[in-house]
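Peer 1:
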Amino acid sequence: MSFADLQDFLTALERDSDLARVSTPVDPHLEVTAIVQRVVREQGPALLFENPTRGSMPLAINLFGTHRRMAKALGVDSLDELGQRIAELLKPELPHGISGLRDALGKVGQLRAAPPRRVKAAPAQEIVLRGKDVDLNMLPGILSWPDDGGVFLNLGLTHTKHPETGARNLGMYRLQQHDAQTVGLHWQIHKDSTSHAAIAERRGERLPVAIAFGCPPAVTYAASAPLPSDIDEYLFAGFLGQQRVELVDCLDVPLQVPAASQVVLEGWVEPGKRLPEGPFGDHTGFYTPVEPFPFMHVETMTMRSKPIYQSIIVGRPPQEDGPMGKATERIFLPLIKMTVPEIVDYDLPVAGVFHNCCIVSIDKRFPKHAQKVMNAIWGAGLLSLSKLIVVVDADCDVHDYNEVAWRAFGNVDYAHDVLHSVGPVDHLDHAAYEQFFGGKLGIDATRKLATEGYRRDGGWPDECVLDADTLTAVEARWASLRIGRGVGEQGVGESTR
């Protein structure tokens, strides 16, 4: 089971000696970034700044900064467990016998446990501020990088709904604090919230918005997940955490938010109104330029009696968002394999900030199979933003970058095995010559078939691999060989006896 609220998660981390409390006053203006950078790179603990010099509440950060903590946040030992659970749900076989029926009913039970439920009272509304009493400076918002356009309230979960259908959307977008009662909304072109805002604007209506901070970990992750627009993020969060998420009605906008939130901002986006947003040092490692974006005037601010503000630093990898992206990679593998069943595994390198590179292994069966998979990926949801796709054979471990590089550098004739295309790219892509679209490259690093035009005598060569009998014999004698302990401990002659 996942954690009921942020305090529950912090308690568990501290019990595991994976939380460091920082009682020394620390300035969220650049200092927090400098500290978090060092801790993330050393795979250090989650941090709770108890006395930040800005705001009136503690600051929790780096809670998802390792794969271990990310898995723990979602209630599992390994992120692959969640992918396996989804794969089991997707199996279409009819049940056989009593045990098969029990398994099938178990699957239904998982789904029944998932939908959110409404509650009438919530810790998130223990304190209520309205109108002029609203003060965003109560939050220890962070200025992460020297040229940022101001304080950004990262890791806020933004709620909107479709003006016509009422369908809910939960997303994670960067939030610039313009003043004590105004928040800028960086709604990128490919996001559902952008669609909601555009429809409301076309109808001449203002759009209700609610932003929740410090939600239960499974909910916070679900807000970042690339779900289709018709999948409710709270249904997904309930499935991940194996317990229903409790929601409470907002006080002054027609939306619902997690009852266990630490802080909630309620307000409206007026049609046609924009403010300059940025610059901001984003996860690409570069500053994104100033652009006009919608903004919300915060009319109501609710919170717990003793809230904790949770945030995140983004920038050039490695950062805390790396394990969050890896969670998405592992959880969504079964769904991708449903769309492209020849895919064996895939890896989205953190250094490629996820959108820039996708490594895929396939069960190759016919000529130009790799190119078929490339085109499928460029048509699959947010994977369509991938700029570089490297396709390897099924026996290649896509997570072993040395193995992938050996194949991509040596198994490719760049006159025949490269597919160049043009398509959509991430809103934040600074390298594209035009905003929102740019060049794509696919590299076929699989073994080549004669039917693909590979005409060398003897066909594709065999790899230099020792036979199993030799490997077994050496394994049995390895300890007695005493190799690899270092010349400093024993002489060369002794070590090779």
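Heads up: the sequence shown is residues 1390 to 1886, going by our numbering. Ideal placement from N, C-alpha and C gives every residue a C-beta, glycine not left out.
1) Using DSSP bridges, identify the partner residues of LEU1636.
2) Rounded to whole angstroms, what's the CA-CA distance from GLN1566 to ALA1649? Just pull it up for me.
3) What is the rounded straight-line gap between the Cα of ILE1778 and the Cα of ASP1784?
4) Report yes or no: do the segment 1680-1693 and the segment 1566-1585 share at least 3 C-beta pairs separated by less than 8 Å?
5) Assuming LEU1437 contacts LEU1463 (C-beta within less than 8 Å), just tell me the rounded distance between them.
6) If you drop the 5 nearest sequence neighbours on each side, which residues of the same chain put their C-beta closer than 7 Å to that of LYS1837?
7) Please classify HIS1575 as buried or exposed, where buried requires at least 16 other C-beta atoms within 10 Å of its C-beta.
8) Determine, using beta carbons only, whether LEU1771 and HIS1456 come nearer to each other than 9 Å.
9) Taking the C-alpha atoms as reference points, what is the distance between VAL1881 and SER1869?
10) So what does DSSP say about ARG1410, is it helix, strand or coil?
11) With 16 as the cutoff for other CB atoms within 10 Å, does LEU1855 come out buried or exposed?
12) Can you tell which of SER1775, GLN1760, LYS1715, PRO1417 has the C-alpha that lies nearest to the C-alpha of PHE1825?
13) Residues in its own chain within less than 7 Å of ALA1612 by CB, not counting five upstream and five downstream?
14) Helix or strand or just coil, what does DSSP make of GLN1396?
15) Going along the chain, which residues of its own chain have a beta-carbon closer than 7 Å to the beta-carbon of LEU1494, five neighbours each way excluded?
16) Tell whether a beta-carbon distance below 9 Å holds between LYS1829 and HIS1809.
17) Out of curiosity, what's the CA-to-CA distance linking GLU1883 and ASP1858?
18) Note down the Cα distance separating GLU1709 from ILE1701, rounded to an integer number of angstroms.
19) Distance, Cα to Cα, VAL1634 vs GLU1403?
20) Where does VAL1787 fall in DSSP's three states?
21) Hey, how far is the Cα of ARG1506 from the Cα of LEU1636?
22) Since I believe ASP1833 is in contact with GLY1827 (beta carbons under 8 Å), could you give me their beta-carbon distance rounded to a whole number of angstroms?
23) Under the three-state reduction of DSSP, which class applies to HIS1809: helix, strand or coil?
24) List the endpoints of the continuous beta strand (DSSP E) containing ASN1745.
25) Per DSSP, ARG1693 forms a beta bridge with which residues?
26) Could you name the residues that DSSP lists as bridge partners for ASN1892?
27) In the segment 1683-1771, which residue ranges form an unbroken beta strand (DSSP E) of at least 3 residues, counting only runs that do not cross its ends?
28) Just how far apart, CA to CA, sit GLN1651 and VAL1517?
29) Roughly how many angstroms separate the alpha carbons of PHE1392 and GLU1823, rounded to a whole number?
30) Hey, could you find the ends of the beta strand (DSSP E) ILE1450 is sitting in?
31) Under 8 Å, with one C-beta from each stretch per pair, do the segment 1582-1591 and the segment 1655-1666 reach the 3-pair mark?
32) Within the same chain, show all residues whose beta-carbon is closer than 8 Å to that of VAL1807, passing over the 5 residues directly before and after it, in chain order.
33) Using C-beta distances below 7 Å, list every residue in its chain close to ARG1563, excluding the 5 sequence neighbours before and after it, in chain order.
34) Using only alpha-carbon positions, find the residue among HIS1744, GLY1799, GLU1792 that is nearest to GLY1812.
35) Going by DSSP in three states, VAL1679 sits in which element: helix, strand or coil?
36) Return the CA-CA distance between GLU1688 and GLU1477, expressed in angstroms with no decimal places.
Peer 2: Looking at the coordinates:
1) ARG1507, PRO1647
2) 23 Å
3) 17 Å
4) yes
5) Wrong, their Cβ atoms sit about 20 Å apart, outside the cutoff.
6) TYR1843, TRP1849
7) buried
8) no
9) Its pLDDT being 40, under 50, VAL1881 is placed unreliably in this model, and the coordinates cannot settle the point.
10) strand
11) exposed
12) SER1775
13) LEU1546, LEU1559, GLY1560, MET1561, GLU1622
14) helix
15) With a pLDDT of only 45 at LEU1494, under the threshold of 50, the placement of this residue in the model should not be trusted, and no figure is reported.
16) yes
17) With a pLDDT of 43 at GLU1883, under the threshold of 50, the modelled position of this residue cannot be trusted; read the value that follows with caution. Rounded to whole angstroms, GLU1883 to ASP1858 spans 26 Å at the Cα level.
18) 7 Å
19) 24 Å
20) coil
21) 6 Å
22) Rounded, the Cβ-Cβ distance is 21 Å, inconsistent with contact.
23) strand
24) Counting along the chain, ASN1745 falls outside any beta strand (DSSP E), and DSSP gives it neither H nor E.
25) None; ARG1693 has no bridge partner.
26) No answer is possible for residue 1892: it lies beyond the span of the chain, which begins at 1390 and ends at 1886.
27) 1684-1692, 1732-1736, 1746-1751
28) 12 Å
29) 43 Å
30) 1448-1450
31) yes
32) VAL1801, LEU1830, GLY1831, ILE1832, ASP1833
33) PHE1541, ASN1543, HIS1575, PHE1669
34) HIS1744
35) coil
36) 45 Å
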